[in-house]
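Inspection log for the structure reproduced underneath, given as structure tokens.
Residue numbers (our numbering): 50 to 171.
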């Protein structure tokens with residue numbers, strides 16, 4: 050509908066955060082769970098206020114083991130069924146043999162992939 054998405058699960062943070070916020074619909078939610086692209090980001094707080102956005106951050110790292118196990122089991126159950134039914138499909142950029150692991154890593158380091166890189170064994 051051109052309004053944007055209701056929620057973004059941000060796994061990378063850093064400079065990607067501003068773009069993720071821009072694609073949220075009014076009253077959208079941003080959930081930050083990873084910072085692989087960096088811990089700092091410059092965002093337009095006017096966008097956050099104007100669109101009445103919610104930003105939540107969380108990490109399993111600081112939680113006790115029993116919470117980590119419970120969260121992992123909940124996620125596996127919910128996402129596993131979506132994957133099994135085909136409602137959610139992973140985006141696979143390229144498939145490499147295990148012998149090509151170094152090339153796969155270089156491809157990833159160049160940030161040339163869109164989606165997952167898969168290493169096959171055997």
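Glycine residues also receive a C-beta, built at the ideal position from the N, C-alpha and C atoms.
All values reported here derive from a predicted model rather than from experimental measurement.
Item: Tell me whether residue 56 sits in a helix, a strand or coil according to DSSP, three-state version.; Value: strand
Item: Looking only at C-alpha atoms, which of 83, 125, 71 sits nearest to residue 110?; Value: 83
Item: Less than 8 Å between the beta carbons of residue 96 and residue 119, yes or no?; Value: no
Item: Quick one: what's got a C-beta closer than 8 Å to residue 106's C-beta in the same chain, skipping five residues either side?; Value: 80, 81, 82
Item: Which same chain residues, not among the five before or five after residue 144, have their C-beta less than 7 Å away from its C-beta?; Value: 167, 169
Item: With a cut-off of 8 Å, do at least 3 Cβ pairs link the stretch 123-136 to the stretch 147-157?; Value: no
Item: For residue 65, which residues in the same chain have their Cβ closer than 6 Å to its Cβ, ignoring the five residues on either side in sequence?; Value: 86
Item: Would you mind reading off the limits of the alpha helix (DSSP H) that contains residue 128?; Value: 114-134
Item: Shorter than 8 Å from the beta carbon of residue 104 to some beta carbon of chain D?; Value: The structure shown contains no chain D, having only a single protein chain.
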